[in-house]
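The block underneath contains the structure these notes are about, expressed in structure tokens.
Numbering (mature numbering (1 follows the signal peptide of the UniProt record, and there is no 0)), first residue to last: -18 to -1, 1 to 598.
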């Protein structure tokens, strides 16, 4: 808790600073919930007290709640979208349409009041629309009391019961959750299977269920000596048939839990003091992998602490459950019957989300590439170190996927709302791969050191907040000194591509060589041009992009800065002060960190040029 208290003090200071400097504000919620779960029929009842603080400058006359479990009903938007999109998620397909009443999910609100006064509300699919008894003025609080009931759906997507690996309960998106209201207004999008956006707050949750079930959850267990199940060394004898688990999760924007009667529960304290919890099925085929995962998870945690910023909570949990891998506050649910490399890989990605989504909490429905792409970038870098592969470019898979998308004809701008991509495949490549390339390529544009410092400053200034793309690129500008609006605009708001080539190499006057470079794509870039000479020497010629009003720091021992290239000019004459006969090769972007969609014309070699002349 000490780490969190220090972070919260910093957050309070930074929020005041942000509000004074830029008008930034964010809402706040405090949840208290008590839930009774029947593990026989997978139905549950709950009560919720929610204290809502309106930190906005606006008067609110209505609020919205998410009712995610209602998506798991025949005819829901998730069901219909899955059955009408050309490439449905194989985990969903038409399965929702075939659910019986006993297998469906639902979340129903039976009563709701505001400060003791009953409210009128309407359930519209996965959203509860609520008309307030009295408006909530700027700076005021309102207390909402609710009674609700739910049924856990058959495991299809993220949430559910009795997963394919036999996990009894994966309780994600399981409670009525207040929608976020920010400077853009309400974010109460229906749940169709994509990403989320939540209000920062504190959760106090009591879960009552069969005493034989072990529970993994967001937050800190408040009564371990009453519960046992690996949380306490004391022998616990249950009084009655149930346990009531009491969890507190401070400063989060979600609360998730999973439960199973066969969970093995291991604990490990990392070097930074974070207690790592692991929950997995008592299955001999996976036990060794899950034991070995624990050391790797600590290594991943250390990598992210060093390369992003300190993990602020005292606990993190990796639990077998769900249908793949999905991040939640202080916990991830992952499928566990995998190869060891895959198990570490999915843990790396989901743990990285503890920073890029649960600390820098972007609106995933609008800026899904920020959380998925940034996570893909940093988790690939972490895997490269922790798994000791040490590839020179650990992001080649992301580049390959993006370039395939860019050349496919189905790409949509990254500003597309996450649910409104024509194809799931296009969404995935855009959010994960193109999002990762955004960061890796930014390192090419401003230099790796500047990129590393940008990520750390982004953490310092935007943890426990809701940053937007502009907030990130402004940090990069402040760290580097470069003008970068063009980069954010072309990469995320258009489908413009990068395509540069070597058009012609000719003898120049005075024992020099003239290289004609060509811009064929619409997106501008600065260029690193590597020239190798026959005597073994190598020179890096840097061509600044005029739009940046800046030059990248030298990152090569033989570094030459050429004249700026203004974007509107389709060609550029590069003069090399050596005769053509002394040049072995010329290459645009030898690092391949620039996402050129056609690299066929990026390399000139004297050998190929000579062969071409002979053939003529």
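All C-beta atoms, glycine included, are put in the ideal place defined by N, C-alpha and C.
Buried or exposed: where does residue 77 fall if 16 or more other Cβ atoms within 10 Å of its Cβ makes it buried? The residue labelled residue 77 in the question sits at position 95 within the chain shown. Counting of Cβ neighbours within 10 angstroms places residue 77 among the buried residues, the total reaching 16 or more.
Return helix, strand or coil for residue 371, following the three-state DSSP convention. Your numbering for residue 371 matches position 389 in the chain shown. If DSSP states are grouped into helix, strand and coil, residue 371 belongs with coil.
Among 357, 583, 469 and 98, the one whose alpha carbon lies nearest that of residue 506: As a working note, residue 506 is residue 524 in the chain shown. The residue with the shortest Cα to Cα distance from residue 506 is 469.
Between the stretch 124 to 131 and the stretch 63 to 79, can you find at least three pairs of beta-carbon atoms closer than 8 Å? No, the stretch 63 to 79 does not touch the stretch 124 to 131.
With DSSP collapsed to three states, give me the class of residue 581. As a working mapping, residue 581 is identified with position 599 in the chain shown. The answer is helix: DSSP assigns residue 581 an H, G or I state.
Under 9 Å between C-beta atoms of residue 312 and residue 201: Counted from its first residue, the chain shown places residue 312 at position 330. Counted from its first residue, the chain shown places residue 201 at position 219. For residue 312 and residue 201, yes; Cβs fall inside 9 Å.
For residue 244 and residue 196, I'd like the C-alpha separation in whole angstroms. Numbered from 1 along the chain shown, position 262 holds the residue referred to as residue 244. Numbered from 1 along the chain shown, position 214 holds the residue referred to as residue 196. Straight-line Cα distance between these residues: approximately 8 Å.
Is it true that the stretch 183 to 194 meets the stretch 216 to 229, where meeting means three or more beta-carbon pairs spaced less than 8 Å apart? Yes: the two stretches touch, three or more of their Cβ pairs being nearer than 8 Å.
Residue 222: CB within 8 Å of a non-hydrogen atom of the ligand SAH: Inclusion of the ligand SAH in the displayed structure is not the case, the ligand content being empty and no account of it being possible.
Could you spell out where the alpha helix (DSSP H) holding residue 249 opens and where it closes? Along the chain shown, read from residue 1 onward, the residue named residue 249 stands at position 267. Premise fails: residue 249 lies in the beta strand (DSSP E), 245 to 251, not in any alpha helix (DSSP H).
Taking just the CA atoms, how far does residue 262 sit from residue 213? The count along the chain shown starts at 1 and reaches residue 213 at position 231. The count along the chain shown starts at 1 and reaches residue 262 at position 280. Rounded to whole angstroms, residue 213 to residue 262 spans 15 Å at the Cα level.
Classify residue 547 as helix, strand or coil using the three-state DSSP reduction. In the chain shown, residue 547 corresponds to position 565, counting from 1. In the three-state reduction of the DSSP assignment, residue 547 falls in the strand class, which pools E and B.
With residue 240 and residue 303 assumed to form a contact (beta carbons below 8 Å), what rounded beta-carbon distance in angstroms separates them? For the purposes of this step, residue 240 is taken as residue 258 along the chain shown, with counting starting at 1. For the purposes of this step, residue 303 is taken as residue 321 along the chain shown, with counting starting at 1. Going by Cβ atoms, the distance from residue 240 to residue 303 rounds to 4 Å, so yes, they are a contact pair.
CB-CB under 7 Å to residue 512, same chain, minus the five flanking residues each way: which ones, in chain order? The residue labelled residue 512 in the question sits at position 530 within the chain shown. Here the set comprises 520, 522, 569 and 572.
Per-residue DSSP class, three states only, for residue 412: As a position in the chain shown, residue 412 is number 430, starting the count at 1. In the structure shown, residue 412 sits in a helix (DSSP, three-state: H, G or I).
Can you find at least 3 beta carbon pairs, one from the stretch 464 to 481 and one from the stretch 526 to 541, that sit closer than 8 Å? Output reads yes: the stretch 526 to 541 touches the stretch 464 to 481.
Cβ of residue 156 within 9 Å of Cβ of residue 89? Stepping through the chain shown from its first residue, residue 156 is reached at position 174. Stepping through the chain shown from its first residue, residue 89 is reached at position 107. Yes, they are a contact pair.
Any chance the stretch 372 to 391 sits against the stretch 264 to 271, with 3 or more Cβ pairs inside 8 Å? Under the Cβ criterion (8 Å, minimum of three pairs), the stretch 372 to 391 does not count as touching the stretch 264 to 271.
Residue 496 vs residue 553 beta-carbon contact at 9 Å: For the purposes of this step, residue 496 is identified with residue 514 of the chain shown, where counting begins at 1. For the purposes of this step, residue 553 is identified with residue 571 of the chain shown, where counting begins at 1. No, they are not a contact pair.
Inter-residue spacing [alpha-carbon to alpha-carbon] between residue 543 and residue 5: Reading the chain shown from its first residue, position 561 is the one you call residue 543. Reading the chain shown from its first residue, position 23 is the one you call residue 5. Cα atoms of residue 543 and residue 5: separation of roughly 41 Å, rounded to the nearest angstrom.
Measuring straight from C-alpha to C-alpha, what distance separates residue 384 and residue 22? Indexing the chain shown from 1 puts residue 384 at position 402. Indexing the chain shown from 1 puts residue 22 at position 40. Cα to Cα, residue 384 sits roughly 46 Å from residue 22.
Bounding residues of the alpha helix (DSSP H) (the contiguous stretch that carries residue 63): Within the chain shown, residue 63 is the residue found at index 81, counting from 1. Residues 59 to 66.
Own chain, CB closer than 6 Å to residue 29, minus 5 neighbours either side, in chain order: In the chain shown, residue 29 corresponds to position 47, counting from 1. Excluding sequence neighbours, residue 29 sits near 16 and 129.
Report yes or no: do the stretch 285 to 297 and the stretch 214 to 225 share at least 3 C-beta pairs separated by less than 8 Å? Output reads no: the stretch 214 to 225 does not touch the stretch 285 to 297.
What separation, rounded to the nearest whole angstrom, lies between the Cα atoms of residue 293 and residue 98? Counted from its first residue, the chain shown places residue 293 at position 311. Counted from its first residue, the chain shown places residue 98 at position 116. Computed Cα separation, rounded: 39 Å.
Thinking C-beta only, is residue 112 closer than 9 Å to residue 45? As a position in the chain shown, residue 45 is number 63, starting the count at 1. As a position in the chain shown, residue 112 is number 130, starting the count at 1. Residue 45 is a Cβ neighbour of residue 112, given a cutoff of 9 Å.
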